[in-house]
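Enquirer: Just dropping this structure here.
Chains as they are written, first to last, in this note's numbering: chain A, 209 to 763; chain B, 209 to 763.
Structural data, given as structure tokens:
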């Protein structure tokens with residue numbers, strides 16, 4: 209094949225055709241790059257072609273909901289065969305496109321609220337799932353083999369040129385927009401307002417094809433808000449063990465917390481319990497974390513030096529603005545989050561990831577995938593994996609690596625601390641420890657090539673339950689590992705199946721540590737340790753700057 | 209400590225003071241954000257404070273050389289104790305700041321040309337090295353605990369507002385500018401020109417403190433250009449083995465190539481040898497790669513669907529502009545590279561990394577660190593590590609994972625192909641295979657906590673030499689692994705120390721494969737297979753679009 213015969217700018221030419229169709233369809237209703245909301249369907253028909261790979265910005269928090277609705281309202285006779293890309297499949301409209309036959313292929317990261325319906329649609333043959341990804345992996349593929357042709361994103365505001373201001377909820381917009389705009393794709397942004405001058409530019413107008421003022425502001429989910437009133441005394445006990453048995457033990461200064469009440473409890477006893485152990489300034493200084501309201505008391509108490517965030521959190525805007533030494537804020541005073549960089553920070557810049565899960569097997573593999581629900585894993589696989597490309601040392605990383613390699617003839621290397629925290633029984637008395645993960649059966653049902661595991665056992669370093677801590681770094685065989693896990697699995701069938709002598713031996717060696725082995729007085733594990741006991745306390749701790757969404761206000 | 213007593217905006221206030229000092233020092237010579245080159249020292253004295261963490265943009269290609277020179281010319285009595293951050297320590301001025309006592313601490317990724325001098329300065333106590341990083345790791349830390357206070361970056365052009373156009377050499381600028389601008393830091397950009405209207409905006413003016421037109425355009429190193437005339441027939445043979453024994457065997461479609469003649473040889477026999485094996489469309493479709501001139505013939509032959517680049521390559525600008533279906537170009541027609549996203553793509557979106565090294569030990573650990581040279585590793589650790597957070601499957605990844613886990617009772621998981629390619633003897637007849645890496649001794653000399661390993665043996669899947677391929681995935685014990693490595697180590701001491709029976713057994717099992725085992729006729733391994741035999745051939749293959757730098761022109 210000779211180079212001179214081949215067309216090398218097909219995508220560019222095709223982009224021009226799409227833009228020309230849009231100009232024709234919208235006529236003088238299109239002002240520069242600003243299109244009216246009423247013309248959304250016309251714009252989408254003009255810009256889309258069957259079979260397109262389309263990224264709809266669905267994030268943990270921010271949703272391009274107006275554009276998603278518009279897409280789901282199209283006529284499948286005119287637009288079909290789309291290949292959809294979502295970070296988070298959160299809205300009904302995200303799945304409506306499959307149900308209606310507008311789209312038939314899906315790649316994504318997380319589908320929390322839609323997990324059940326997604327599984328049903330998949331088994332009904334309404335869609336083919338390419339793969340479940342961790343966020344950063346999906347972004348990486350946007351630049352390799354999943355580059356979007358059209359991206360539908362959301363921002364706080366646009367100016368008349370099409371520059372975008374995302375405000376604190378920057379999230380995934382820069383990654384999506386860059387991959388699309390620089391591959392002859394088209395970026396369409398819904399914005400809450402069109403203004404003469406933006407507080408700052410987050411996405412340059414050159415990267416944006418069209419901006420539309422949506423009839424209502426884009427939806428934002430307050431996903432990381434946990435009411436301290438719902439934290440149990442078991443969770444306080446587990447938080448104490450985490451701090452004394454892991455954070456202090458390794459001197460963990462840079463970390464990420466997964467979402468949930470278990471980690472909220474840890475955040476809330478930093479100013480009380482960790483302070484009483486003299487740990488301020490020694491642990492929890494740098495975070496890759498959304499602005500968790502539960503962290504306010506620890507910030508105010510001087511534990512926290514810096515927080516870089518994946519996204520924002522509803523109600524935290526004023527607090528963040530008033531704490532620019534801690535959060536990443538722009539010259540305009542409002543935060544810029546960025547999931548791509550925060551995930552990079554979480555992977556390479558943190559010494560520990562701690563998070564909850566639903567099921568753990570005897571090898572330590574864990575998954576939130578349960579039967580009939582294709583939930584995805586979000587950021588956990590990226591942050592809950594040993595970052596084997598990491599080359600800088602820290603005390604925590606070196607200690608974990610040394611424990612894993614003690615007595616082995618291998619070159620020294622550090623290791624990331626990956627902690628899974630679960631109560632032995634979860635809701636409805638379902639055991640958290642199982643012989644075989646539901647992920648095996650789900651994987652078969654959904655015809656996945658391998659079971660969907662959230663965190664692999666060989667990346668997990670510690671399992672923390674109300675029974676104690678199993679330090680898997682110290683296990684020297686698969687059998688020891690299995691007994692260490694059984695040893696903290698309490699009264700579950702897996703726990704009852706333990707080899708008592710071996711478990712006692714592991715305890716003698718410090719592989720398993722109970723609360724009393726760490727010198728923790730269980731009687732201290734009461735809600736009195738929580739630096740904030742309810743939402744109102746959090747508001748008070750923030751000096752009135754935190755403004756929780758209505759549904760969290762009960763006063 | 210009560211929140212109301214603490215100052216929470218010290219960095220913001222301090223930023224305002226620095227900007228006020230700059231305004232005072234420059235007076236009406238400062239026009240908006242545009243400062244004159246003659247005032248650089250005044251600006252730096254005004255903006256810098258002793259002890260600052262300062263990032264100087266030194267990349268693989270693009271250098272903020274004017275600003276680096278300016279920094280190195282300051283009076284150490286006024287500016288000192290700086291903590292320097294560089295992706296690449298490439299220019300003499302990058303080390304002058306330590307020699308002169310302006311800076312005393314260093315974190316970086318790569319120091320190729322300055323590796324020897326760096327080692328000397330380190331052992332003379334002129335600087336403390338925090339750590340050597342892989343690029344993406346360093347970027348991650350910019351958002352955690354190595355956030356720059358001042359960043360000195362380079363761009364092609366600025367407009368009068370301070371918006372920056374980086375052109376194809378975007379490289380690290382977005383990552384550096386974002387971390388600095390959103391932590392109350394100050395970004396200073398040197399630009400080649402100041403224009404009324406930019407071709408596009410790469411960095412918004414809101415993120416930029418000052419822009420200066422430098423007296424000469426910023427330096428760019430053509431780092432990825434390899435003259436095909438220098439490729440040997442041994443390298444052609446090794447390239448044939450790579451293609452038939454690894455690329456075809458696993459069906460590798462998404463990949464990164466390290467820098468050097470070994471991989472250039474592979475690129476140059478794609479249109480000949482790989483074509484003759486019917487592999488077009490089956491391998492090498494998607495790349496995370498700088499625009500290697502050696503890849504031009506394969507692009508023209510229709511092998512390549514997409515390339516996302518870390519940076520650009522001098523002379524490739526017009527070719528890239530004419531191939532927008534392949535490269536990531538903006539609406540303005542010129543490329544946007546981005547090291548952060550391309551490294552993410554290389555880590556998570558590629559099935560294979562192949563690169564050269566200087567030394568490999570008996571466990572497969574490899575390093576480019578040699579005595580007296582602290583060279584750093586660039587992107588290799590990130591791309592040459594199993595991406596354990598990856599969750600999407602591909603045939604290549606699944607096959608590698610299955611080989612690694614065959615016969616083991618473990619949950620299925622894929623694995624990245626990480627190939628180290630070396631001739632058994634390198635320059636000056638130094639053996640590439642050693643009992644113990646020089647990295648051990650270098651690590652001790654430089655007081656590093658662990659030896660500086662580029663790629664760890666347990667991440668390496670294949671070692672390729674002129675003797676054949678050792679597939680480490682198939683090894684079932686440390687002893688087998690050692691013998692597999694000895695088995696391709698030829699006449700080095702390590703190779704001669706092999707257990708002949710065991711090596712023959714490994715060959716019978718396909719763990720070691722010689723050229724003849726793969727059905728490769730060594731007589732075919734001549735330079736005739738190269739689709740371009742010299743620089744002129746590359747220019748011709750590009751239809752005259754590739755414009756090599758002068759030093760590569762010998763006609």
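C-beta atoms are modelled at their ideal positions from N, C-alpha and C, and glycine is treated no differently.
#1: Would you decide whether residue 763 of chain A is buried or exposed? Buried here means 16 or more other CB atoms lie within 10 Å of its CB.
#2: Flag this pair as yes or no: are the beta carbons of residue 350 of chain A and residue 551 of chain A separated by less than 7 Å?
#3: Hey, is residue 480 of chain B's beta-carbon within less than 7 Å of any beta-carbon in chain A?
#4: Looking at the secondary structure, which residues open and close the beta strand (DSSP E) in which residue 616 of chain A lies?
#5: From what residue to what residue does the beta strand (DSSP E) around residue 591 of chain B run?
#6: For chain B, find out if any of its Cβ atoms is closer than 7 Å to the Cβ of residue 536 of chain A; answer yes or no.
#7: Could you check what DSSP says for residue 560 of chain B in three-state terms: helix, strand or coil?
#8: Take the Cβ of residue 598 of chain A as the centre, count every other Cβ of all protein chains shown within 10 Å, and call the residue buried at 16 or more, exposed below.
#9: In the DSSP output, which residue or residues are listed as bridge partners for residue 271 of chain B?
#10: Are the beta-carbon atoms belonging to residue 234 of chain A and residue 247 of chain A less than 7 Å from one another?
#11: Going by beta-carbon coordinates alone, are residue 499 of chain A and residue 477 of chain A separated by less than 7 Å?
#12: With DSSP collapsed to three states, give me the class of residue 307 of chain B.
#13: Can you have a look at residue 464 of chain B and say buried or exposed, based on whether 16 or more other CB atoms are within 10 angstroms of its CB?
#14: Whose C-alpha, out of B:409, B:558, B:413, B:750, is nearest the C-alpha of residue 504 of chain B?
#15: Between the alpha carbons of residue 555 of chain A and residue 645 of chain A, how many angstroms are there, rounded?
#16: Give the list of continuous beta strand (DSSP E) stretches no shorter than 3 residues that lie fully inside the segment 624 to 694 of chain B.
#17: Would you list, in sequence order, the uninterrupted beta strand (DSSP E) runs of no fewer than 3 residues that lie entirely inside the segment 391 to 416 of chain A?
#18: At which residues does the beta strand (DSSP E) containing residue 463 of chain A begin and terminate?
#19: In chain order, what residues of the same chain lie with their CB nearer than 6 Å to the CB of residue 210 of chain A, ignoring the 5 residues before and after it?
#20: Please work out which residues of its chain come closer than 8 Å, Cβ to Cβ, to residue 532 of chain A, disregarding the five sequence neighbours upstream and downstream, and give them in chain order.
#21: Label residue 186 of chain A either buried or exposed according to how many other C-beta atoms from any shown protein chain fall within 10 Å of its C-beta, with 16 as the threshold for buried.
#22: Residues in the segment 212 to 232 of chain B with C-beta within 9 Å of chain A's C-beta atoms, listed in sequence order?
#23: Measuring CB to CB, does residue 461 of chain A end up less than 7 Å from residue 421 of chain A?
#24: According to DSSP, simplified to helix, strand and coil, what is residue 222 of chain A?
#25: Any C-beta of chain B sitting closer than 7 Å to the C-beta of residue 652 of chain A?
#26: Can you tell which of A:713, A:663, A:412, A:393 has the C-alpha that lies nearest to the C-alpha of residue 567 of chain A?
#27: Going by the CB atoms, is the gap between residue 669 of chain A and residue 682 of chain A shorter than 7 Å?
#28: Give the C-beta separation of residue 442 of chain B and residue 620 of chain A to the nearest angstrom, bearing in mind that I take them to be a contact with Cβ-Cβ under 8 Å.
#29: Apart from the five residues just before and just after residue 686 of chain B, which ones in its own chain have a Cβ nearer than 8 Å to its Cβ?
#30: Using three-state DSSP, classify residue 242 of chain B as helix, strand or coil.
#31: Between the segment 333 to 366 of chain B and chain A, which residues of the former have CB atoms less than 9 Å from a CB of the latter, in chain order?
#32: Please list the partners that residue 386 of chain A has in chain B, where partner means a Cβ-to-Cβ separation under 9 Å.
#33: Taking residue 558 of chain B as the query, report the chain A residues whose CB atoms sit under 9 Å from its CB, ordered along the chain.
#34: Mind pulling the chain A residues with CB within less than 7 Å of residue 834 of chain B?
#35: 7 Å is my cut-off, CB to CB: does residue 209 of chain B come that close to chain A?
#36: Name the residues in the segment 299 to 317 of chain A whose C-beta lies less than 8 Å from a C-beta of chain B; which are they?
Expert: Reading it off the structure:
#1: Residue 763 of chain A sits at position 555 when you count from the first residue of the first chain. Label assigned to residue 763 of chain A: exposed.
#2: Taking the first residue of the first chain as 1, we reach residue 350 of chain A at position 142. Taking the first residue of the first chain as 1, we reach residue 551 of chain A at position 343. No, the Cβ-Cβ distance between residue 350 of chain A and residue 551 of chain A is not below 7 Å.
#3: Here residue 480 of chain B refers to the residue found at position 272 of the second chain. Not flagged as an interface residue toward chain A: residue 480 of chain B, since no C-beta distance is shorter than 7 Å.
#4: Taking the first residue of the first chain as 1, we reach residue 616 of chain A at position 408. Counting along the chain, residue 616 of chain A falls outside any beta strand (DSSP E), and DSSP gives it neither H nor E.
#5: Start at 1 with the first residue of the second chain, and residue 591 of chain B comes out as number 383. Careful: residue 591 of chain B lies outside any beta strand (DSSP E), inside the alpha helix (DSSP H) at 588 to 591.
#6: What you label residue 536 of chain A is simply residue 328 of the first chain in a count that begins at 1. By this cut-off, residue 536 of chain A is an interface position.
#7: Taking the second chain and counting its residues from 1, one reaches residue 560 of chain B at position 352. Secondary structure of residue 560 of chain B (DSSP, three-state): strand.
#8: In the first chain, counting from the first residue as 1, residue 598 of chain A sits at position 390. Of the residues assessed, residue 598 of chain A falls on the buried side of the cut-off, its CB having 16 or more other CB atoms within 10 angstroms.
#9: Here residue 271 of chain B refers to the residue found at position 63 when the second chain is read from its first residue. Beta-bridge pairing links residue 271 of chain B to B:266.
#10: Counted from its first residue, the first chain places residue 234 of chain A at position 26. Counted from its first residue, the first chain places residue 247 of chain A at position 39. Yes.
#11: The residue labelled residue 499 of chain A in the question sits at position 291 within the first chain. The residue labelled residue 477 of chain A in the question sits at position 269 within the first chain. Not in contact: residue 499 of chain A and residue 477 of chain A (Cβ atoms no closer than 7 Å).
#12: In the second chain, counting from the first residue as 1, residue 307 of chain B sits at position 99. Here residue 307 of chain B sits in helix by DSSP.
#13: Within the second chain, numbered from 1, the residue matching residue 464 of chain B stands at position 256. That one is buried.
#14: Here residue 504 of chain B corresponds to residue number 296 of the second chain, with the count starting at 1. The shortest C-alpha separation from residue 504 of chain B is found at B:750.
#15: What you label residue 555 of chain A is simply residue 347 of the first chain in a count that begins at 1. What you label residue 645 of chain A is simply residue 437 of the first chain in a count that begins at 1. Roughly 25 Å separates the two Cα atoms.
#16: Entirely contained in the segment 624 to 694 of chain B, the beta strand (DSSP E) runs reaching 3 residues are, in chain order, 625 to 629, 670 to 673, 676 to 679.
#17: Entirely contained in the segment 391 to 416 of chain A, the beta strand (DSSP E) runs reaching 3 residues are, in chain order, 394 to 403.
#18: Here residue 463 of chain A refers to the residue found at position 255 of the first chain. 462 to 465 is the span of the beta strand (DSSP E), which, as asked, contains residue 463 of chain A.
#19: Stepping through the first chain from its first residue, residue 210 of chain A is reached at position 2. The predicted position of residue 210 of chain A is uncertain, since its pLDDT is 48 and thus under 50; no value can be drawn from it.
#20: As a working note, residue 532 of chain A is residue 324 in the first chain. Once the five neighbours on either side are set aside, the close Cβ partners of residue 532 of chain A are 541.
#21: No information on residue 186 of chain A is available, as it lies outside the stretch 209 to 763 that chain A covers here.
#22: Under the 9 Å Cβ criterion, the segment 212 to 232 of chain B contributes 212, 214, 215, 216, 217, 218, 219, 220, 223.
#23: Residue numbering aside, residue 461 of chain A sits at position 253 when the first chain is read from its first letter. Residue numbering aside, residue 421 of chain A sits at position 213 when the first chain is read from its first letter. Residue 461 of chain A places its beta carbon 7 Å or farther from that of residue 421 of chain A.
#24: Along the first chain, read from residue 1 onward, the residue named residue 222 of chain A stands at position 14. Three-state DSSP puts residue 222 of chain A in a helix.
#25: For the purposes of this step, residue 652 of chain A is taken as residue 444 along the first chain, with counting starting at 1. No - not a single Cβ of chain B is within 7 Å of the one on residue 652 of chain A.
#26: Stepping through the first chain from its first residue, residue 567 of chain A is reached at position 359. Of the candidates A:713, A:663, A:412, A:393, A:663 places its Cα closest to the Cα of residue 567 of chain A.
#27: Working through the first chain from its first residue, we reach residue 682 of chain A at position 474. Working through the first chain from its first residue, we reach residue 669 of chain A at position 461. No. Outside cutoff.
#28: Counting from one through the second chain, the residue named residue 442 of chain B turns up at place 234. Counting from one through the first chain, the residue named residue 620 of chain A turns up at place 412. Rounded, the Cβ-Cβ distance is 34 Å, inconsistent with contact.
#29: Locating residue 686 of chain B in the second chain gives position 478, where the first residue counts as 1. Cβ within range, chain order: 571.
#30: Taking the second chain and counting its residues from 1, one reaches residue 242 of chain B at position 34. Correct three-state label for residue 242 of chain B: strand.
#31: Going along the segment 333 to 366 of chain B in chain order, one finds 338, 339, 340, 341, 342, 344, 345, 346, 347, 348, 349, 350, 351, 352, 353, 354, 355 with a Cβ nearer than 9 Å to chain A.
#32: To locate residue 386 of chain A, count along the first chain from 1; it is residue 178. Here the neighbours are 382, 536, 544, 546, 549.
#33: Translated into the one-based positions of the second chain, residue 558 of chain B becomes position 350. Residues of chain A passing the Cβ test: 348, 352.
#34: Any answer about residue 834 of chain B is impossible in this case: the structure gives chain B only from 209 up to 763.
#35: The count along the second chain starts at 1 and reaches residue 209 of chain B at position 1. Any reading at residue 209 of chain B must be qualified, since the residue scores a pLDDT of 45, below 50, and its modelled position is unreliable; no value is offered.
#36: Cβ contacts with chain B come from 315.
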